[in-house]
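What follows is a single structure, written as structure tokens, with notes after it.
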Amino acid sequence: MGDILVLAEHRCNELREVSFEMLTAASKVAPQLGGEIVTVLIGSGVGSFAEKLAGYSDKVLFVDDPLFANYNSEAYQKVMSELIKQYSPELVMVAHTTQGVDMAPALAVELNMPFVPDIVGLGAADGKLVPVRLYYQGKVNADFIFKGQAPYLVTVRESSFLADEPSKKGAVEKIESPLKEDIQYRKFVEYIEAIAGDVDITQADVLVAVGRGIKEEKNMALINELASSINAVVAGSRAATDAGWLPHDRQVGTSGKTVKPKVYIAIGISGAFQHLAGMKSAKTIIAINKDPNAPIFSVADYAIVDDLFKVVPKLTEKLKELRK
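Pasting the structure below:
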């Protein structure tokens, strides 16, 4: 059986979206492997999370033990190692986060598993898994074929897959922890949240993003008026934040933030691959650029090829009329 074992991630009493993204990716290849999707959940007081994950899984195995009240890489590795030995899956998926990057390499070494980190795609060909990584700052997509025997291990970059709606009703099983006493090598101290700006662009439903095309800071007034007309949040490319037109916590892209709003309006952004990587998962993308060959149009649902200084004022005026 080509089962896929997915380690769900949670933090500060919340399941992280990457858990559902990994499960969605697993669901696309599981039929070709002829196996099931088995989700592993480790923590303390996580029973309610297990029920949510069942909507994406054929089976949810969860360890609920006070010893796992806080993340500990050695403790998680112990649980995962035992489950991998027991279930012999084809593939193990872990999030490419601080937690996953901390634990996954050690797990791969312990069990001698072929390991591809930081994948952004996952397919299957002739019954074989094909993970995809980015190289040369995102300019090249590289397909991999595993050598050696399964199980295989991957870590999955956040926001690389769109999470589907739940469609399964998997069985939920509480399992006994293989950990009988606390691991003493490392101790959790506390989570320290990064200092947030005035707005968290990752939580916005509608984003209006600007790039070098607005030319100078005084033209931000056009953008702010448009955003205000639709209750949107203003974000920008690296060029816009480096120029000082926006604070750096408003930057979208690989060196900024990854966003998935319902609507993303890109104005004067050519679409460097670093920027596209940070916004291509938006539900609806509208791009305004006078260059018909701008890369941003490759991911846009709606394209306006014209001078933004002509388009934006008219668009703002029309939107204001519609909202009256």
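Residue numbers (the numbering used here): -13 to 310. A virtual CB, placed ideally from N, CA and C, is assigned to each residue, including glycine.
Exposure of residue i, with buried meaning 16 or more beta-carbon neighbours within 10 Å
i: residue 302; result: buried
i: residue 300; result: exposed
i: residue 202; result: exposed
i: residue 174; result: exposed
i: residue 75; result: buried
i: residue 189; result: exposed
i: residue 62; result: buried
i: residue 140; result: buried
i: residue 240; result: buried
i: residue 51; result: buried
i: residue 247; result: buried
Three-state secondary structure assigned by DSSP to residue i
i: residue 259; result: helix
i: residue 325; result: For residue 325 there is no data in the structure shown, the boundaries of the chain being -13 and 310.
i: residue 65; result: helix
i: residue 309; result: helix
i: residue 114; result: strand
i: residue 77; result: strand
i: residue 209; result: helix
i: residue 147; result: coil
i: residue 216; result: coil
i: residue 374; result: In the structure as shown, the chain begins at -13 and stops at 310. Residue 374 is therefore absent and cannot be evaluated.
i: residue 158; result: strand
Between the CA atoms of residue j and residue i - distance to the nearest angstrom
i: residue 172; j: residue -10; result: 29 Å
i: residue 229; j: residue 254; result: 14 Å
i: residue 252; j: residue 162; result: 50 Å
i: residue 57; j: residue 160; result: 19 Å
i: residue 147; j: residue 204; result: 37 Å
i: residue 216; j: residue 37; result: 36 Å
i: residue 199; j: residue 265; result: 18 Å
i: residue 46; j: residue 26; result: 6 Å
i: residue 213; j: residue -3; result: 32 Å
i: residue 259; j: residue 53; result: 43 Å
i: residue 122; j: residue 106; result: 14 Å
i: residue 278; j: residue 293; result: 11 Å
Whole-angstrom C-beta distance between residue j and residue i, which should lie under 8 Å
i: residue 219; j: residue 249; result: Not quite, the Cβ-Cβ distance comes to about 11 Å (not below 8 Å), so this is no contact.
i: residue 20; j: residue -12; result: 5 Å
i: residue 144; j: residue 221; result: Between residue 221 and residue 144 the Cβ distance is about 18 Å, and since that is not below 8 Å, they are no contact.
i: residue 197; j: residue 226; result: 6 Å
i: residue 95; j: residue 117; result: The Cβ separation is near 19 Å, so there is no contact.
i: residue 23; j: residue -8; result: 7 Å
Exercise. Unbroken alpha helix (DSSP H) runs of length 4 or more, entirely within the stretch 28 to 53: which are they?
Worked result: 33 to 39
Exercise. Can you list the beta strand (DSSP E) stretches of 3 or more residues lying completely in the stretch 265 to 295, in chain order?
Worked result: 270 to 274 and 288 to 290
For this session: Kindly provide the ranges of any beta strand (DSSP E) runs that are 3 or more residues long and lie completely inside the stretch 232 to 259, ordered along the chain.
Result: 249 to 253
For this session: Ignoring anything shorter than 3 residues or poking outside the stretch 161 to 206, list the beta strand (DSSP E) runs there in chain order.
Result: 192 to 196
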